[in-house]
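Protein sequences appear in the order of chains Z and Y.
In terms of this note's numbering, the first sequence opens at residue 17 and continues consecutively.
In terms of this note's numbering, the second sequence opens at residue 192 and continues consecutively.
Even for Gly, the Cβ is constructed at its ideal location relative to N, Cα and C.
First up is the structure itself, then whatever we jot down about it.
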Amino acid sequence: QDQPQNHDEL
Amino acid sequence: MNIFRLAGDMTHLASVLVLLLKIHTIKSCAGVSLKTQELYVIVFATRYLDIFTSFVSIYNSLMKLIFLGSSFSIVWYMRYHKAVHRTYDREQDTFRHWFLMLPCILLALLIHEKFTFFEVMWTFSLYLEAVAILPQLVLLQRTRNIDNLTGQYIFLLGGYRGFYILNWIYRYFTEPHYVHWITWISGLVQTLLYADFFYYYFLSWKNNKKLQLPA
């Protein structure tokens, strides 16, 4: 998972 | 997902519903800034570019679709629906989009977590969302007379930002490596912009009077 974690927010 | 994040999303959803209710049933957009609504369209369009490429949850994808769809339809109503368009305060709503967008584009190119197209666009959307409410606040200041639905709309929008800050604090203490300075600072700036409005909103609520901003 190389996506930054804040991309799970809207 | 924690309770603060959910509360934030639900207040955001409620704010959009209140605005749609005003536009759709009362057929009025008086006091609503088209500039702010157009900026939100750009915010969601640039942030949710990943809607087809990254999947987090059905909840996330559904909410992305709702925010994209509702922001587009609000702008459509204000621009092209005859009865709604007639109520638009065109002369008062004069804020320039580029004035806000250009610095956000430059800032996103300079300050980001990763220099990729999607990441720069995502970061741009964070910066732009932080200031997108400004044309709306300026319009309120100019028209001064604020009807209940418009007041509630902005109150709910500000509430959504407040809950997101609580969500970040919660995540910082419960999740390892959860540090996102760009999101936090732009989110904080955005919430602070509502402070003045909140002050007068609570004042009018406490005194049980109609919301009026000072000239």
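- Taking a contact to require three or more Cβ pairs closer than 8 Å, the stretch 312–331 of chain Y and the stretch 193–213 of chain Y do not qualify as touching.
- Chain-ordered, the chain Z residues with CB closer than 8 Å to the CB of Y/N251 read D24, L26.
- Counting only unbroken stretches of 4 or more residues, the alpha helix (DSSP H) elements lying wholly within the stretch 289–328 of chain Y are 308–322, in sequence order.
- By the neighbour-count criterion, in which 16 or more other beta carbons inside 10 Å mark a residue as buried, Y/L291 falls on the buried side.
- The contact set of Y/R196 on chain Z, defined by CB atoms closer than 8 Å, consists of E25 in chain order.
- For the pair Y/V232 and Y/R281, the Cα-to-Cα distance works out to about 19 Å.
- When DSSP states are grouped into helix, strand and coil, Y/Q381 belongs to the helix group.
- Contact between Y/I360 and Y/T382 is absent: CB atoms are separated by about 12 Å, not below the 8 Å threshold.
- With a cutoff of 9 Å on beta-carbon distance, Y/V207 and Y/I265 are scored as near each other.
- For Y/S316, same chain residues with a beta-carbon under 7 Å away, outside a window of 5 residues either side, are V234, T237, R238 in chain order.
- Not one beta carbon of chain Z lies nearer than 9 Å to the beta carbon of Y/H215.
- A distance of 9 Å or more separates the beta carbons of Y/G378 and Y/R362.
- Y/Q343 sits in a helix when the DSSP states are folded into three classes.
- Taking a 10 Å sphere around the C-beta of Y/L394, we find fewer than 16 other C-beta atoms and assign the residue as exposed.
- Contact annotation for Y/T202 against chain Z: no contact, minimum CB-CB distance about 12 Å [criterion: below 7 Å].
- The criterion of a C-beta distance shorter than 9 Å is satisfied by Y/L230 and Y/P326.
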